[in-house]
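Engineer: One structure, as structure tokens, below. Some questions next.
Number of protein chains: 2
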Amino acid sequence: MASTAKLPDEKLSALIKKLGVILGNRVSVNESLREQHGHGESWHPCQMPDVVCFAKSTDEVSQIIKLCAESRTPVIAYGTGTSLEGQVQAIKGGICIDLSQMDAIIEVNNDDLDCRVEAGVTRRQLNQYLRDTGLFFPVDPGADASIGGMSATRASGTNAVKYGTMRENVLGLTVVTANGDIVKTGTRARKSSAGYDLTKLFVGSEGTLGIITEIQLRLYGLAEAMSAAIVNFPDVRSAAEATMLTIQMGIPVARIELLDTAYMKALNNYSKTDYPELDTLFLEFHGTTAGVAEQVKLFEEISSDFSASGFQWADKEEDRQRLWRARHDAYYAGLAVIPGSRGYVTDVCVPISQLAKCIVDTQNDIAEHGLFAPIVGHVGDGNFHATVFLDPDDKFMFEKALAFDKRLVNRALAMGGTCTGEHGIGMGKLKHMRHEHGDAAVDLMRTIKLALDPHNIMNPGKVVDC
Amino acid sequence: MASTAKLPDEKLSALIKKLGVILGNRVSVNESLREQHGHGESWHPCQMPDVVCFAKSTDEVSQIIKLCAESRTPVIAYGTGTSLEGQVQAIKGGICIDLSQMDAIIEVNNDDLDCRVEAGVTRRQLNQYLRDTGLFFPVDPGADASIGGMSATRASGTNAVKYGTMRENVLGLTVVTANGDIVKTGTRARKSSAGYDLTKLFVGSEGTLGIITEIQLRLYGLAEAMSAAIVNFPDVRSAAEATMLTIQMGIPVARIELLDTAYMKALNNYSKTDYPELDTLFLEFHGTTAGVAEQVKLFEEISSDFSASGFQWADKEEDRQRLWRARHDAYYAGLAVIPGSRGYVTDVCVPISQLAKCIVDTQNDIAEHGLFAPIVGHVGDGNFHATVFLDPDDKFMFEKALAFDKRLVNRALAMGGTCTGEHGIGMGKLKHMRHEHGDAAVDLMRTIKLALDPHNIMNPGKVVDC
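One line per chain: the protein sequences are A and B, in this order.
Heads up: the first sequence begins at 172 in this note's numbering, then just goes up one per residue.
Heads up: the second sequence begins at 172 in this note's numbering, then just goes up one per residue.
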């Protein structure tokens, strides 16, 4: 029995015994395993669960949750551990259900452009599986997250500007609720007006209303033509304004991502590349051959009005992959600038008309306060991350990051935006909820939480204060 | 005091007095007004509210609902009365809040492609207002419904295949909940992971969880080129299969609508048109000039493989309008075939791969049972309506229609579909809820309903049984 357990020893022993009956040897109190399951990828300190268990089916998840319900034990779902706001931390201890062994791709319906997967399937695994079908799943948050985790967090990332986020791409779910009931939501029809939209209620609920075990997803046909590019701008305002105009003109760009000069420098160092160290847009266009050519022409016209330079195009699969790998390395490149650092990640999203002002004001704020906080953004959605890289034990820097975060969120909310475009609330953004939504809406969320989980056993302490 | 009131006289007098303090002369018990507010556009018999009142602001709605909460009085929102499943019927009497005087367009943000409107604004009013901006609001259920009603019903119609339904196009809401609280949901950002998706919970809740008073909507730039067409097929299977292939190939058609031979005949009689009396697709393509030409070429290739004939193209605004007016007249054309009849409207939606089989099987069923039930469909979404036109007092025919509906819903659910693609549940489709969703999901909806509306005053008897 681990000495650091938060549950009383006696309760814990009884639980472990019962879990063993359900799961055999897929139950563990090994400290390093618990440590691994107690944190995500950002600065939030590890908070270990008391037990880690590995479920292989929805029915096992249901049996585990029934045990937790009986004994009022907290229960937390775990996919790949790539969350950024402390979503998996076991604040009150309890049981972590690792779903990574639920990795079956249950069905792919080529004719309907949909599929059904277990929660532990990762997005790369799914796309690998789909490789020869001409179909793909577009949502790409960077990390090779599990589809269950991405659904629970309402994730998005690059591609969302054309294909939508998990909100738009989850058609239905199997969810185990706080009493162990197995609920199926949604259908395979593309639209429905049949009652409350339970699918959308669970998407983004971060395990606080139930644990997602299966997901029905939309898929898309691979475009006939795809073309990627990077292009440099003299300043971040020009890059953001070119983006705004691209979106406002309705050019159906698939990806349009900003990396500021600070990130481009970090990237060149980390990835041994030699990109110009200027504010840069990474882009991708999908469509018919003629359609892509038309989009590219329009975008080049727009960007030339904003003094763009140094277009580099990549049409071949491997060239496009290399370009996007560079983009995805940005976070790790930032960490490498300050060895041993962690990222205090911000995630505001604003109406597109406010994007340039929000980014410029944020850069000025960063400069004024002497932070190392490079900016990367899914700018086509109005979403960007200014990530403060710091030693989390450096209290002075940490306070500065907190204050910066608060100013940034206030700036975005004043513009009609949100404190989180895609990372979710977890513990980290709880403090912004009432400011963003108002008391009445947060109280309503709390009412829903307590109705569905009256004993507050489902990932307690996340999303809503109970 | 109307003698037909369902509330006790004394309670009603007291309520009317208090309502008068809030609303002045915008409170009425006039019987013809109550009759008008007690039904939609289908066969469901009128059930009058006891009082009709006209709200002019969210604050007034809040005050009215507070009165209803205190006195446990049912309260029902009313927009334009165009619902089809008995959504506005006052089963238990109570107060009907007519929102048609809340018809302000609060803001249009051209640069962000969004707007905010009061619930009583109709979709035509909004598009009329947007006429000179180059923007439009695409969701088009046929009737000139209110945006509040369309949100509450999760409506769609033509155009949804490209632009989505109300689910995709409502960004945020102001809602008055069962205790009179005013809740704002959503932000103006295009995406957010900040907590439970209250917007999507209220969209489609049909006034049973709260009354929607303001809506933030997505808008779209008018395409550079638009081209509409009708084209005939030798049978309904060919038309449906051409549709399936169009969708599966990812051709971004804006509208693709089926009218079967029976409807084309009715339409020619009603509208004095001379369309070929064959199974017919009505289409529209939106895009750049080159893009539309490309889509049209691809569609013509597909449809020629299914023996299509008689293409008639309409590019000019007035020609397109004429074509879509004909399409929208279908329901009234059906009513005219049997004078004095009402429509028993069905609304299944299936995965696109199942569409042809579902329609063909349904046509066979109609023929076998000797019904007059022409078919019209938003076939690009897999959604179609076989509407049984009948005299609702003819018990024999009505029983036949009920049995037909049940077979149709069973057929669609067995194919992975839904009992309602866009009309909602109201009273009419309550009987299908447990079959479609299963007991656990319906019980969960009921839990949410009772948590948010513990005294069941919000449009009682609709969507979920309480």
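Backbone N, C-alpha and C fix where the C-beta goes; we use that ideal spot for every residue, glycine too.
(1) Taking only runs of the beta strand (DSSP E) that begin and end inside the stretch 272-333 of chain B, which ones reach a length of at least 3 residues, in chain order?
(2) Quick one: list the residues of chain B neighbouring S683 of chain A, beta-carbon separation under 8 angstroms, in chain order.
(3) Does the ligand PLP have a heavy atom nearer than 6 angstroms to the CB of K468 of chain A?
(4) Quick one: what's got a C-beta closer than 6 angstroms to K451 of chain A's C-beta in the same chain, skipping five residues either side?
(5) Answer yes if the stretch 338-351 of chain B comes into contact with the stretch 354-361 of chain A, meaning at least three C-beta pairs across the two stretches below 8 angstroms, and no otherwise.
(6) Which residues of the stretch 322-336 of chain A have a Cβ closer than 9 angstroms to any Cβ of chain B? Give them in chain order.
(7) Near G328 of chain A, which residues of its chain fall below 8 angstroms by C-beta distance, leaving aside the five closest residues on each side in sequence?
(8) Identify the continuous alpha helix (DSSP H) that holds R205 of chain B and give its terminal residues.
(9) If you draw a straight line from the alpha carbon of A585 of chain A to that of T251 of chain B, how long is it in whole angstroms?
(10) Report yes or no: is there a C-beta of chain A within less than 7 angstroms of the C-beta of C529 of chain B?
(11) Could you check how far apart the C-beta atoms of R338 of chain B and V292 of chain B are, in whole angstroms? I think they sit under 8 angstroms.
(12) With a threshold of 16 other CB atoms inside 10 Å of the CB of E256 of chain B, please say whether the residue is buried or exposed.
(13) Using alpha carbons as the reference points, say which of B:G305, B:T324, B:V519, B:L623 lies closest to A583 of chain B.
(14) Look up E377 of chain B in the DSSP assignment and say whether it is helix, strand or coil.
(15) For V341 of chain B, go through chain A and note every residue whose CB falls closer than 7 angstroms to its CB, in chain order.
(16) So that I know if they touch, is there some Cβ in chain B lying closer than 7 angstroms to that of Y503 of chain A?
(17) Can the beta-carbon of A461 of chain B be found closer than 7 angstroms to that of A557 of chain A?
(18) Relative to chain B, which residues along the stretch 351-372 of chain A have a C-beta separation below 8 angstroms, given in chain order?
(19) Residues bridged to R389 of chain B by DSSP?
(20) Which residue comes first and which comes last in the beta strand (DSSP E) that contains C267 of chain B?
(21) Just curious, the beta strand (DSSP E) that N196 of chain B is in, first and last residue?
(22) State the CB to CB distance for the pair A261 of chain A and G209 of chain A, rounded to an integer number of angstroms; the pair is presumed to be in contact (CB under 8 angstroms).
(23) Is there a Cβ of chain B sitting closer than 7 angstroms to that of S149 of chain A, yes or no?
(24) Look up V613 of chain A in the DSSP assignment and say whether it is helix, strand or coil.
(25) Please name the residues in the stretch 555-586 of chain B whose beta-carbon is closer than 9 angstroms to at least one beta-carbon of chain A, in chain order.
(26) Answer yes or no: do A331 of chain B and D624 of chain B have a C-beta to C-beta separation smaller than 7 angstroms?
(27) In angstroms with no decimal places, state the Cα-to-Cα distance between R302 of chain B and A411 of chain B.
(28) Go to M629 of chain B, then tell me how far its beta strand (DSSP E) extends in each direction, as first and last residue.
(29) Hey, is C520 of chain A's beta-carbon within less than 7 angstroms of any beta-carbon in chain B?
(30) For I383 of chain A versus V288 of chain A, is the C-beta spacing smaller than 7 angstroms?
(31) So, is the C-beta of M435 of chain B closer than 7 angstroms to a C-beta in chain A?
(32) Hey, is E206 of chain A's beta-carbon within less than 7 angstroms of any beta-carbon in chain B?
(33) Using DSSP with H/G/I as helix, E/B as strand and the rest coil, what is L579 of chain A?
(34) With 7 angstroms as the threshold, decide whether the Cβ of A173 of chain B is near any Cβ in chain A.
(35) Going by CA-CA distance only, name the one from A:G381, A:W484, A:D614 that's closest to H626 of chain A.
(36) What are the complete beta strand (DSSP E) segments, minimum 3 residues, inside the stretch 522-554 of chain A?
Structural biologist: Taking the geometry as given:
(1) 276-280, 285-289
(2) Since the first residue of chain A shown is 172 and the last is 637, residue 683 of chain A is not available in this structure.
(3) This structure lacks the ligand PLP, and indeed carries no ligand of any kind.
(4) Position check: residue 451 of chain A holds Thr in this sequence, whereas Lys was assumed. Taken in chain order, the residues that qualify are I401, N403, L430, M435.
(5) no
(6) T324, R325, A326, S327, A331, V332, G335, T336
(7) V310, D311, P312, G313, H549, E593
(8) 202-207
(9) 35 angstroms
(10) no
(11) Not really, about 19 angstroms apart at Cβ, beyond 8 angstroms.
(12) buried
(13) B:V519
(14) coil
(15) Result: empty, since nearest Cβ-Cβ is about 11 angstroms, beyond 7 angstroms.
(16) no
(17) no
(18) D352, I353, V354, K355, T356, T358, R359, A360, R361, K362, S363, S364, A365, G366, Y367, D368, L369, K371, L372
(19) B:D285
(20) 266-269
(21) Run containing N196 of chain B: none; DSSP gives neither H nor E here.
(22) 6 angstroms
(23) Past the edges of chain A, shown from 172 to 637, lies residue 149 of chain A, and the structure says nothing about it.
(24) helix
(25) A583, L584, M586
(26) no
(27) 34 angstroms
(28) Where M629 of chain B is concerned, there is no enclosing beta strand (DSSP E), given that its DSSP letter is neither H nor E.
(29) yes
(30) no
(31) no
(32) no
(33) helix
(34) Low confidence applies to A173 of chain B: its pLDDT is 43, below 50, so where it sits in the model is not reliable enough to give any reading.
(35) A:G381
(36) 546-549
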